[in-house]
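One structure below.
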Amino acid sequence: MARRYKGHMNGERYLANTNPSKKEVHDLDNEKTGRNECQIDEIISAGNDKPYNSQKAANDAGYNNCTHCIGDSER
Ligand SMILES: [Zn+2]
Numbered sequence: 000m001a002r003r004y005k006g007h008m009n010g011e012r013y014l015a016n017t018n019p020s021k022k023e024v025h026d027l028d029n030e031k032t033g034r035n036e037c038q039i040d041e042i043i044s045a046g047n048d049k050p051y052n053s054q055k056a057a058n059d060a061g062y063n064n065c066t067h068c069i070g071d072s073e074r
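Just so it is clear: in the sequence shown, position 9 is 8 by numbering that gives the first Met the number 0, and no numbers are missing.
Put into C-alpha cells, the structure is as follows:
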C-alpha cells in the first residue's frame with residue numbers, strides 16, 4: 000500500500016484517525032495491511048482521515064502512534 004490521494008489525503012506521509020475512540024496517527028510509508036492492523040482505507044471511507052506531514056505534528060495535536068506502523072505508543 001502507499002500514500003493516498005483521496006478523502007482528505009493528498010500524498011502526505013502521515014494519516015491521523017480523528018475517530019474519538021482511536022485518535023491514532025499512521026505512517027503510510029510503513030503501512031501494515033493485515034486484518035485489524037492499520038485499516039487506512041476504512042478510516043478514509045469513514046471520513047476520519049486527517050493528513051500530517053510530520054509525526055511530531057500529529058503527536059503534538061494529541062494523536063498516539065499506531066502500534067503497527069510506528070510503534071512506541073505512549074498509550
Ligand atoms: Zn498504522
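All C-beta atoms in this analysis are idealised placements derived from N, C-alpha and C, irrespective of residue type, glycine included.
Item: Please specify which runs of the alpha helix (DSSP H), each continuous and at least 4 residues long, are wholly inside the region 0 to 67, giving them in chain order.; Value: 39 to 44 and 54 to 59
Item: Measuring CB to CB, does GLN54 end up less than 8 Å from TYR13?; Value: yes
Item: Kindly list the residues whose CB is nearer than 6 Å to the CB of ASN18, restricted to its own chain and excluding five residues on each side of it in sequence; keep chain order.; Value: ASN47
Item: For ILE69, which option in GLY10, ASN35, TYR51 and HIS25 has the closest C-alpha, if you only look at C-alpha atoms?; Value: HIS25
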